[in-house]
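A.B. asks: In the UniProt record's numbering, the protein residues as written are 1 to 455.
My questions all concern the structure below.
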C-alpha cells in the first residue's frame, strides 16, 4: 500500500488558513486534480479527504465501525453534549434505539398540521410587511430560522416560545456555530476555561440555549407530577418514557437534555438553511417556480391542506428540494476518525487520522453529475437516480449514522414551500455566496424582494 498523496501546505499551519479562508473552493480544487484521495493537515492533525461515492460508501456503511465521530464532533459536543450527533459506540446505539420510534413516518404524520399551522403563521407575518400592489425586501434567512424554530419547539416539544425569545436564541445559535467552526480550523485553540472574550461568548450562549431546554424539561416534569396520566403527543414525552429493552433503564436528565439540545439546534438550523437556499434558487429560476406551482395546484388545489398522503404525490416538489440540497447541502462536510489502520483505494490510512467527505464537492463531482453547477431538478427524476451510485448524494449522511430527522426535515420543507409558493413571488436581488460554518449558510444572510400573489 502506498501513502496518501499529501497536498503541499504551510509550515506548522498546514492547510488551516486555506480551510478557514475559503474551504469550498479549496476542496473543489483538490477534487479536480487529486481524485480519489488526498492528505491535508491542520497543524499536526492529518485529514484524508476522500472524493468518490465508492469511498464514501466504504467509510460510512461498509466499514463504518472503523470510522467513528472524532475531532469535529468533539468540538460540537461542547455545545450539544453527548447526543445522537456527537456520541459513538454502544452509548450511541442505545440512544438511537430509544429515539428512533419518534421519527417513524407514521409518527411524523401526526405533525403535518403543526407544520402547516406554523407555515401559515409565517405567511401572515410576511403579508403584513408587504405593501399592496408592491413588494418588500425581506431578510429571508431570519424568517426561515424563526419559523423552523417554532416548528421544532411545537411539534417536537409541544411548547410555544414567544417571538422575542426565538430571536434571542437564534442569535445565540449563530454565535455557537461561528465559534465551533473557528475552533475546527484553528490548529491551536484556547481551552474553554481560559478567560478569553470568545470563550466567554461561547459559554454564555451555550448556557442560555441549554437553559431554555432545561426550562422546557422542568415544565413537562412538573406537569407530569401533577397529572401522571396525562398524555403529551410529542417527542419529549417519548424520550422521557422510553426504556431500554434489555436493561429497562430510562434516560438520565443529562441524556434527555443532550438529546433535546441536539434535536433543537440541528433540527431547525439545517431546515432553515435549506429553505433559504430553496427560495434563492427559485428567485433565479422562474421556470422552475412555475412548474412547482402548477404541481402544487394540481395535487392540492388552490387552498387544499397538505397531508402525509398528498405530500407523496408532490414528486417535482421533492425533486426541487433534493436538487437544492445537492447544490447547497446544509451539512457541507462529514468527518470520521480512524479506529485502526486501513486501506482506502490502495492507500494506507492510519489510526487516529481523520477522513473527510465534502458533500458540497461530491455533489458537484462531474463524474456523477452532468453540468454539476447548474440547478436542474431533473437530476432527481427516477431515471437519473437509477444511473448514479447512491453515495454520490449525501445531504443527510449515510449508513447507520444517517440523520435520524431526515424525513422530518423533508416533510417540513415541503409544507413550508407549499405555503410560500402559493402566496408569494420572489425576486432575485444579488448574488449570494455560501459560508461554510457548521452549516452552509448564505453569507451575510439572504434578502429577496417578495411580492404578494393575487390568488
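A virtual CB, placed ideally from N, CA and C, is assigned to each residue, including glycine.
Determine the burial state of residue 70: buried for a count of at least 16 other Cβ atoms within 10 Å of its Cβ, exposed for fewer.
C.D. replies: As a working mapping, residue 70 is identified with position 70 in the chain shown. Label assigned to residue 70: buried.
A.B. asks: Tell me the rounded alpha-carbon separation between residue 364 and residue 449.
C.D. replies: In the chain shown, residue 364 corresponds to position 364, counting from 1. In the chain shown, residue 449 corresponds to position 449, counting from 1. Approximately 29 angstroms, taken between the alpha carbons.
A.B. asks: Threshold first: 3 residues or longer. Then list the beta strand (DSSP E) segments lying entirely within the stretch 116-161, N to C.
C.D. replies: Counting only runs of 3 or more, we get 135-139.
A.B. asks: Assess contact between the stretch 35-51 and the stretch 349-356, defined as three or more Cβ pairs (one per stretch) separated by less than 8 angstroms. Is contact present?
C.D. replies: They touch, by the three-pair rule.
A.B. asks: Whole-angstrom Cβ separation of residue 278 and residue 149, contact assumed at under 8 angstroms?
C.D. replies: Residue 278 sits at position 278 when you count from the first residue of the chain shown. Residue 149 sits at position 149 when you count from the first residue of the chain shown. So it is not a contact: roughly 18 angstroms between Cβ atoms.
A.B. asks: Curious, which full-length alpha helix (DSSP H) runs of at least 4 residues does the stretch 45-117 contain?
C.D. replies: Runs of the alpha helix (DSSP H) inside the stretch 45-117: 53-57, 71-80, 89-99 and 105-108.
A.B. asks: With H, G and I counted as helix, E and B as strand and the rest as coil, what does DSSP make of residue 385?
C.D. replies: As a working mapping, residue 385 is identified with position 385 in the chain shown. Note: residue 385 maps to helix in three-state DSSP.
A.B. asks: Going by other Cβ atoms of all chains shown within 10 Å of its Cβ, with 16 needed for buried, is residue 433 buried or exposed?
C.D. replies: In the chain shown, the residue the question calls residue 433 occupies position 433. Flag for residue 433 reads exposed.
A.B. asks: Would residue 424 and residue 126 be called neighbours here (beta carbons separated by less than 9 angstroms)?
C.D. replies: In the chain shown, counting from the first residue as 1, residue 424 sits at position 424. In the chain shown, counting from the first residue as 1, residue 126 sits at position 126. Yes; because the gap between Cβ atoms is below 9 angstroms, this pair is in contact.
A.B. asks: Using DSSP with H/G/I as helix, E/B as strand and the rest coil, what is residue 6?
C.D. replies: Counting from one through the chain shown, the residue named residue 6 turns up at place 6. In the structure shown, residue 6 sits in a strand (DSSP, three-state: E or B).
A.B. asks: Under 8 angstroms by Cβ, that's how I've got residue 282 and residue 426 pegged, so tell me the actual separation to the nearest angstrom.
C.D. replies: For the purposes of this step, residue 282 is taken as residue 282 along the chain shown, with counting starting at 1. For the purposes of this step, residue 426 is taken as residue 426 along the chain shown, with counting starting at 1. About 6 angstroms separates the two Cβ atoms, so the contact holds.
A.B. asks: Going residue by residue through the stretch 300-374, where are the continuous beta strand (DSSP E) segments of at least 3 residues, counting only ones entirely within it?
C.D. replies: Here the runs fully enclosed are 334-338, 342-344, 347-349 and 354-357.
A.B. asks: Tell me the residue span of the beta strand (DSSP E) that contains residue 41.
C.D. replies: Counting from one through the chain shown, the residue named residue 41 turns up at place 41. 37-42 is the extent of the beta strand (DSSP E) around residue 41.
A.B. asks: Measuring alpha carbon to alpha carbon, tell me which residue in 227, 406, 50 and 42 is nearest residue 32.
C.D. replies: To locate residue 32, count along the chain shown from 1; it is residue 32. Taking only the C-alpha atoms, the option nearest residue 32 is 50.
A.B. asks: For residue 489, which of 268, 337, 284 and 316 has the nearest alpha-carbon?
C.D. replies: In this structure the chain extends from 1 to 455, so residue 489 is not present and cannot be described.
A.B. asks: By how many angstroms is the C-alpha of residue 313 removed from the C-alpha of residue 374?
C.D. replies: Looking up residue 374 in the chain shown gives position 374. Looking up residue 313 in the chain shown gives position 313. Their Cα atoms are separated by approximately 25 angstroms.
A.B. asks: Beta carbon of residue 368, beta carbon of residue 392: below 9 angstroms?
C.D. replies: What you label residue 368 is simply residue 368 of the chain shown in a count that begins at 1. What you label residue 392 is simply residue 392 of the chain shown in a count that begins at 1. Yes.
A.B. asks: Tell me residue 456's beta-bridge partners as DSSP assigns them.
C.D. replies: With the chain represented from 1 up to 455, any question about residue 456 goes unanswered, as that position is not in the structure.
A.B. asks: Whole angstroms is fine: what's the gap from residue 209's alpha carbon to residue 255's?
C.D. replies: On the chain shown, residue 209 is found 209 positions in, with the first residue counted as 1. On the chain shown, residue 255 is found 255 positions in, with the first residue counted as 1. Straight-line Cα distance between these residues: approximately 16 angstroms.
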